[in-house]
Every structure is written in C-alpha cells, then in structure tokens.
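Below: the structure, in structure tokens.
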Amino acid sequence: MDHISLLLVVIPLIAAPIVAILPNGRIPWALTLLVTAVCAALAGVQLWSIVHEGVISYELGGWAPPWGIEYRIDAVNAFVALIVAGIAAITLPYALLSVEKEIPKHQISLFYCAFLLCLCGLLGITQTGDIFNVFVFLEVSSLSSYALISLGKKRQALTSAYQYLIMGTIGATFFLIGVGLLYSQTGTLNMADLAERLPAVFEHKTVHTGFAFIVIGIALKLALFPLHLWLPNAYTYAPTVITIFLAATATKVAVYLMLRVLFTVFPNGFALGTPADELFIILGIAGILIASVYAIYQMDIKRLLAYSSVAQVGYMALGIGFASAMGVTATILHLFNHALMKGALFMAVGAIIYRIGACRMENIHGLGRQMPWTFAAIIIGGLSLIGVPGTAGFISKWYLILAALEQENWIAVAVILIGSLLAVVYVGKIIEALYFKPALETNLTVKEAPLLLLLPTWVLALANIYFGLNTELTVGIAESAAKMLGAVAK
Amino acid sequence: MDFILGHYNYWIVIFLMMVGFYTVISRGNLVKKIVGLNIFQVSVFLLYISLSTVDGGTTPIVKEGFDLYSNPLPHVLILTAIVVGVATTALGLALVVRIKEAYGTIEEDEIHEQDHSL
Numbered sequence: 013m014d015h016i017s018l019l020l021v022v023i024p025l026i027a028a029p030i031v032a033i034l035p036n037g038r039i040p041w042a043l044t045l046l047v048t049a050v051c052a053a054l055a056g057v058q059l060w061s062i063v064h065e066g067v068i069s070y071e072l073g074g075w076a077p078p079w080g081i082e083y084r085i086d087a088v089n090a091f092v093a094l095i096v097a098g099i100a101a102i103t104l105p106y107a108l109l110s111v112e113k114e115i116p117k118h119q120i121s122l123f124y125c126a127f128l129l130c131l132c133g134l135l136g137i138t139q140t141g142d143i144f145n146v147f148v149f150l151e152v153s154s155l156s157s158y159a160l161i162s163l164g165k166k167r168q169a170l171t172s173a174y175q176y177l178i179m180g181t182i183g184a185t186f187f188l189i190g191v192g193l194l195y196s197q198t199g200t201l202n203m204a205d206l207a208e209r210l211p212a213v214f215e216h217k218t219v220h221t222g223f224a225f226i227v228i229g230i231a232l233k234l235a236l237f238p239l240h241l242w243l244p245n246a247y248t249y250a251p252t253v254i255t256i257f258l259a260a261t262a263t264k265v266a267v268y269l270m271l272r273v274l275f276t277v278f279p280n281g282f283a284l285g286t287p288a289d290e291l292f293i294i295l296g297i298a299g300i301l302i303a304s305v306y307a308i309y310q311m312d313i314k315r316l317l318a319y320s321s322v323a324q325v326g327y328m329a330l331g332i333g334f335a336s337a338m339g340v341t342a343t344i345l346h347l348f349n350h351a352l353m354k355g356a357l358f359m360a361v362g363a364i365i366y367r368i369g370a371c372r373m374e375n376i377h378g379l380g381r382q383m384p385w386t387f388a389a390i391i392i393g394g395l396s397l398i399g400v401p402g403t404a405g406f407i408s409k410w411y412l413i414l415a416a417l418e419q420e421n422w423i424a425v426a427v428i429l430i431g432s433l434l435a436v437v438y439v440g441k442i443i444e445a446l447y448f449k450p451a452l453e454t455n456l457t458v459k460e461a462p463l464l465l466l467l468p469t470w471v472l473a474l475a476n477i478y479f480g481l482n483t484e485l486t487v488g489i490a491e492s493a494a495k496m497l498g499a500v501a502k
Numbered sequence: 019m020d021f022i023l024g025h026y027n028y029w030i031v032i033f034l035m036m037v038g039f040y041t042v043i044s045r046g047n048l049v050k051k052i053v054g055l056n057i058f059q060v061s062v063f064l065l066y067i068s069l070s071t072v073d074g075g076t077t078p079i080v081k082e083g084f085d086l087y088s089n090p091l092p093h094v095l096i097l098t099a100i101v102v103g104v105a106t107t108a109l110g111l112a113l114v115v116r117i118k119e120a121y122g123t124i125e126e127d128e129i130h131e132q133d134h135s136l
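This is how it looks when you write it as structure tokens:
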C-alpha cells in the first residue's frame with residue numbers, strides 16, 4: 013500500500029521492455045491492457061487514500077527529501093494521475109482492432125512498448141515532487157510520443173513528429189534552463205523545498221528569468237496559443253489510438269505542471285506580480301477565438317478536433333490566469349471534462365476511420381445513418397464540447413464563467429460564450445456532413461463499428477453525461493485541489 | 019570590464035544558446051536544425067556545469083588533503099540531460115532518414131511544397 017505512488021511509475025516502466033520482446037500479435041496488447049488496468053486501479057486507490065488520509069510523501073530509496081527524490085501526492089496530482097491511467101485503461105480495449113488495422117504487424121509489440129513508456133512518463137510527471145525529475149519524465153513521455161506519432165500511415169506523420177520533436181525539445185530545454193537558474197539561487201530541486209526557499213530570493217532577477225523560462229517551456233508542451241503549431245499536425249497524422257491518448261492526457265499533464273509551478277513552486281502569488289497572469293488571460297482569449305475559427309474551416313475531422321483542443325487549452329489558460337480559487341477549480345474541472353469529451357470524440361472518429369479509412373468531410377456523407385451508435389456518441393461528445401447543460405462540458409464552463417464574473421472580467425465572459433457558439437458551428441459541421449448530406453454510394457454499405465470500438469467510446473460518452481449530472485465527485489475534488497494549490501487572488 | 023570578464027562563462031553560454039536557437043529557427047535543412055538543437059542543449063549543459071564550480075575547488079572526488087570541491091549534483095543532473103539529448107538526437111536523425119525515404123529531400127520548403135501540391 014505504501015508503495016502505490018512509486019508502483020504507478022515502475023509498473024509501466026518494467027512492462028515496456030517486456031512487451032517489446034514479446035512476439036507480435038495479441039499478447040503484447042493483452043499485457044499492456046493488464047498493466048493499464050492495474051495502473052488505473054492503483055491510481056484510484058491512491059486518490060481514495062489522499063481524500064481520506066491526506067498528503068502522501070514517498071521517499072525514493074529511503075533518502076529523506078530534500079536530498080533524495082520525493083514523490084509527493086496531494087489531491088491535485090492524484091486526480092490527474094487517475095485521469096491519465098483511467099484514459100489509458102479505457103483506450104486499450106479500443107486499441108486492439110484499431111492498432112491491428114493501422115500499425116504494420118511487425119511493429120505491434122514495439123508500438124505497445126512505446127505506449128507504455130509514454131504512460132510511464134506522463135504518470136511520472138504527475139507523481140514526482142522533484143523538479144528535475146519532472147524534466148526527465150517529460151522527456152520520457154515526449155520521446156515516446158514522437159516515435160508513436162511517426163507511426164501514422166501517411167508520410168506527413170513523419171514531418172509532424174519531427175516538428176513536434178523540435179518544438180518539444182526546445183520547450184523541455186527551456187524548462188531545464190529555468191530549473192538550473194532556480195537551483196543556482198536556492199540550491200534545491202525539491203518542489204516543497206523550493207517553495208520554502210524561493211520567497212527569500214523573490215526579488216532576484218535570476219528567479220524571474222528562471223520563472224519565465226519554465227513557464228514558456230511548459231506553455232510549449234501545453235500547446236498554449238500561439239505555441240500550438242505542433243499540435244494540429246501531430247493529432248491529425250498520428251495513429252488513432254495515439255491521438256485519443258495524447259489528446260486526452262498529454263496536454264492535461266502539462267496543464268497540471270503549469271498549475272504546480274505557478275502556485276506551489278512559486279508560492280504566495282509570485283505569479284501575480286509578474287506579467288504571467290495577464291498573459292494567460294490574453295493568450296487564453298486569443299486561443300479560444302482564433303483556434304475555434306480555424307476549427308470551423310478544417311475539412312479533416314481529426315484536424316478540426318485538434319484545433320478545438322487548442323481552443324479548449326485556452327479555456328484552461330483563462331482559469332489559470334484568473335489565479336483565483338474559482339478559476340483554478342474551473343481549470344482542473346475542465347482538465348478532467350475535456351479528457352472525457354475529446355476522448356469520446358476522437359474514439360468515435362476513429363471508428364469511422366476504422367470503417368472507411370478516412371475522415372475528411374467529403375468522405376463521410378451519410379455515415380450517421382449507417383453507424384447510428386458512433387453518430388450518437390459524436391453528438392454527445394459534441395454537445396459536451398459546446399457546453400450544453402446536462403453534459404460535463406457545461407459544468408466546467410459554468411465554473412469558468414463564475415470565476416470571470418467574480419473578477420468582473422466581462423470580456424472573458426463574452427469570449428467564453430462566443431467560444432461556445434463557435435463550437436456549435438464546428439460541431440454542427442460534422443453532424444451536417446454525417447447525417448444531413450445525401451449519402452455517398454460507397455457509404456451505403458458501411459456497417460456499424462465493431463463492439464470493441466463502440467464500448468470504450470460509449471463508456472466515455474456516458475461519463476460525459478454522468479459527470480454533467482452528478483458533479484459532487486468532480487467539483488469536490490477540484491475544489492480541494494484548488495485549495496491545495498493555494499490560489500490566492502480574489 | 020570586471021562584469022564582462024568575471025562572467026565570461028555565462029557569455030559563452032548565452033552566445034552558444036543564441037547560436038543554437040537561431041540555427042533551429044532559421045535553417046530549412048532538417049539535419050542542420052538538429053545540429054542547432056544540439057548546440058542549444060550543450061549551452062545548457064555548460065550553464066549547469068559552470069554553476070557548480072567553487073572557487074579553488076577540485077573535482078568532487080574524496081581524497082585526503084582536498085576539502086574544497088565543486089558541487090557534484092549539477093554534474094549528475096547534466097549526465098542525465100546529456101543522455102536525454104543523445105536520445106533526442108538519435109530519434110530526430112532517425113526521423114530525418116525516414117523523411118528522406120518518403121519525400122526524397124530533407125529541405126523543409128521542398129517537403130512543404132510536395133505536401134501542398136497533392
């Protein structure tokens with residue numbers, strides 16, 4: 013029981029090389045499924061014990077912090093870890109058929125190996141309480157995701173993986189520079205220890221420079237507008253399973269990291285004294301508007317949803333920029349809800365790709381009638397994306413608007429509402445093509461997606477409705493997480 | 019003058035950082051971009067190493083008669099970062115090889131042209 017926080021990282025790490033040497037076929041998938049299920053269960057237990065017993069501090073190798081590496085788990089990261097592990101566990105049943113169709117047979121075991129490494133890296137970022145350790149896990153997850161994206165069928169997958177590699181490495185290196193500058197001022201790498209020692213040197217320019225490097229480095233990973241250029245290509249050309257997994261987890265972990273740095277590592281509202289919070293509000297607003305408009309003009313559904321992801325990151329940035337308890341609550345809620353809706357939508361689109369091998373607007377005419385269950389899942393996911401009451405998306409937007417009203421930021425309120433209207437347009441475009449356009453002849457014989465693809469899709473779609481109606485659990489956790497982060501602004 | 023000479027290590031770091039960063043942004047050749055990325059990363063390694071230096075200190079090895087030594091922690095951190103850098107370079111070059119196979123070129127603008135002339 014005591015070792016849960018470490019096991020979450022170590023199990024995928026050890027399983028990865030084992031999966032790599034297994035024969036290609038269904039065995040690597042089965043082992044990966046087992047690992048993700050175990051991780052999801054452990055993450056659930058971890059969150060439960062946080063809620064009931066308080067913060068866990070795990071000393072790696074018995075070395076007491078701040079000398080040794082500490083894994084420090086509170087409500088914030090336990091929640092994010094559960095999102096990551098849970099999405100992985102839901103994606104895996106879906107992966108079996110989708111991966112067999114999209115990945116060459118001789119690469120299947122290596123594919124699952126890289127997937128596990130990516131999971132290990134993402135979980136590691138959430139678990140660790142050591143800022144240099146974060147960099148290492150950031151690179152573990154990034155390197156494996158570059159490799160995974162490049163496995164996409166089209167050759168553009170290679171260029172988009174390369175583009176992501178360049179931008180991701182610049183981001184990670186910026187983060188590294190910032191960590192070095194903080195270390196030079198405080199002599200420590202432990203986040204809790206940094207939080208204690210930094211206030212004494214807050215005036216130093218080095219600390220401000222370090223702060224700027226770290227924030228911009230994470231913003232690149234977060235795909236915060238205008239640093240989002242890698243995201244649309246990467247999501248469009250990656251194999252479906254990877255798009256689902258990365259869209260639902262990778263940017264979320266980066267959001268978590270941003271919250272952690274802004275509020276825990278730099279305590280007492282340091283960020284409020286810098287241009288960072290205004291910047292988050294401005295870039296969030298710009299991201300919501302511009303990325304949503306871009307999304308409307310996309311002809312490829314995956315790319316459309318990718319641009320919508322950039323817009324959704326804008327909402328989260330807005331919540332961070334408010335820096336109030338309500339704003340941070342909204343960000344954490346949206347982090348969870350967006351994982352649900354984008355997971356469901358990309359899964360449903362993946363089911364269409366599974367059947368017809370493409371997802372451009374002109375190829376999908378009339379498929380809504382041929383694949384009613386997939387279509388219904390797209391509608392639920394789309395409604396949640398728009399923020400219709402009764403879906404999860406409504407809850408987070410509601411809290412975000414409350415946070416904006418609290419600060420009397422009328423522009424932000426208007427932008428959130430306009431963003432929802434723009435979402436109506438682009439979700440409407442997908443639904444129009446799927447249902448209202450006369451069916452293409454080739455699409456008349458298309459059958460409903462296999463059950464193994466539909467089940468995970470519907471688990472997420474129903475979760476969108478469940479967490480839209482029953483908000484006790486998510487709001488409760490998000491509020492205690494926001495309290496844990498100690499957002500101070502009013 | 020003292021300020022400039024006394025901080026010469028940081029000037030080198032900043033110079034390398036800018037050279038590397040500029041190369042990544044300005045060059046269209048995919049291999050040159052990776053070279054730039056490497057220079058950029060190396061500048062960060064130097065930053066860490068020079069942070070750890072102690073005036074008059076020796077290398078951090080336990081030996082009688084030497085009490086003052088450099089801080090070994092950044093050295094260890096940078097070992098990790100070097101490994102990460104090597105892995106990134108390897109993966110980046112592997113991607114460049116595959117891109118060359120798929121497009122027949124490693125010039126960014128030519129790749130761009132091919133993708134948009136379809």
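Just so you know, the sequences run in chain order A and B. The numbering used here puts the first residue of the first sequence at 13, with every later residue one more than the last. The numbering used here puts the first residue of the second sequence at 19, with every later residue one more than the last. Heads up, the beta-carbon is just placed ideally off N, CA and C, and yes, glycines get one too.
Between leucine 86 of chain B and valine 72 of chain B a beta carbon distance of about 6 Å is seen, short of the 8 Å cut, so the two are scored as contacting.
Not a single CB atom of chain A sits nearer than 8 Å to the CB of leucine 86 of chain B.
At a C-beta separation below 9 Å, lysine 81 of chain B has no neighbours in chain A, since its nearest C-beta there lies roughly 23 Å away. When Cβ-Cβ separations below 8 Å define contact, alanine 53 of chain A makes no contact with chain B. A direct Cα-Cα distance of roughly 35 Å separates leucine 452 of chain A from tyrosine 478 of chain A. Counted as a single uninterrupted DSSP element, the stretch harbouring serine 162 of chain A is not any beta strand (DSSP E), since DSSP gives it neither H nor E. In the DSSP assignment, arginine 84 of chain A falls within the unbroken beta strand (DSSP E) covering 82–85. Here proline 35 of chain A is exposed, its C-beta having fewer than 16 other C-beta atoms within 10 Å.
C-alpha of isoleucine 390 of chain A to C-alpha of leucine 357 of chain A: approximately 6 Å in a straight line. In the three-state reduction of the DSSP assignment, asparagine 476 of chain A falls in the helix class. Here tyrosine 174 of chain A is buried, its C-beta having at least 16 other C-beta atoms within 10 Å. Against chain A, the beta carbon of aspartate 133 of chain B has neighbours under 8 Å at Gln168 and Thr171, listed in chain order. Within its own chain, the residues whose Cβ lies closer than 6 Å to the Cβ of glycine 399 of chain A, once the five positions on either side in sequence are excluded, are Gly405, Phe406, Lys409 and Ser432, listed in chain order. According to DSSP, tyrosine 306 of chain A shares a beta bridge with no other residue. Put simply, the segment 371–387 of chain A does not touch the segment 116–124 of chain A. Fewer than three CB pairs are less than 8 Å apart. Contacts with chain A (Cβ-Cβ distance below 7 Å) from the segment 41–66 of chain B involve Val42, Leu48, Lys51, Leu55, Phe58, Gln59, Val62, Leu65 and Tyr66, listed in chain order. DSSP links threonine 76 of chain B through a beta bridge to B:Tyr87. Bounds of the alpha helix (DSSP H) holding glutamate 418 of chain A are 404–418. In this structure tyrosine 158 of chain A touches leucine 177 of chain A by the C-beta definition: roughly 5 Å separates them, less than 8 Å. The three-state reading of DSSP puts isoleucine 124 of chain B in coil, since its state is none of H, G, I, E or B. Counting only residues of its own chain and dropping the five nearest sequence neighbours on each side, glutamine 324 of chain A has a CB closer than 6 Å to the CB of His350. In the DSSP annotation of this structure, glutamate 453 of chain A is not part of any alpha helix (DSSP H), being labelled neither H nor E.
Burial is judged here by how many other beta carbons sit within 10 angstroms of a residue's own beta carbon; alanine 426 of chain A has fewer than 16 and is exposed. Listed by position along chain B, the residues whose Cβ is nearer than 8 Å to that of leucine 177 of chain A are Thr106, Leu109, Gly110 and Leu113.
Of all alpha-carbon atoms in A:Ile85, A:Tyr319 and A:Leu45, the one lying nearest the alpha-carbon of valine 63 of chain A is that of A:Ile85. Taking every protein chain shown into account, the CB of alanine 52 of chain A has 16 or more other CB atoms within 10 angstroms, so this residue is buried.
In its chain, beyond the 5 residues on either side, Ala90, Phe91 and Leu94 have a beta carbon closer than 7 Å to the beta carbon of leucine 59 of chain A.
Cβ proximity to chain B below 7 Å picks out nothing from the segment 414–448 of chain A. With a threshold of 16 other beta carbon atoms within 10 Å, phenylalanine 84 of chain B falls short and is exposed. Taking 8 Å as the threshold, the shortest C-beta distance from isoleucine 129 of chain B to chain A falls below it. When Cβ-Cβ separations below 8 Å define contact, isoleucine 117 of chain B makes contact with chain A. Positions of the alpha helix (DSSP H) runs, each at least 4 residues long and wholly inside the segment 311–351 of chain A, are given as 313–334 in order along the chain.
C-alpha of leucine 497 of chain A to C-alpha of serine 69 of chain A: approximately 16 Å in a straight line.
The three-state secondary structure of isoleucine 68 of chain A, taken from DSSP, is strand. Within the model, the alpha-carbon separation for leucine 34 of chain B versus isoleucine 489 of chain A is close to 46 Å. Taken in chain order, no unbroken stretch of beta strand (DSSP E) lies wholly in the segment 102–135 of chain A with a span of 3 residues or more.
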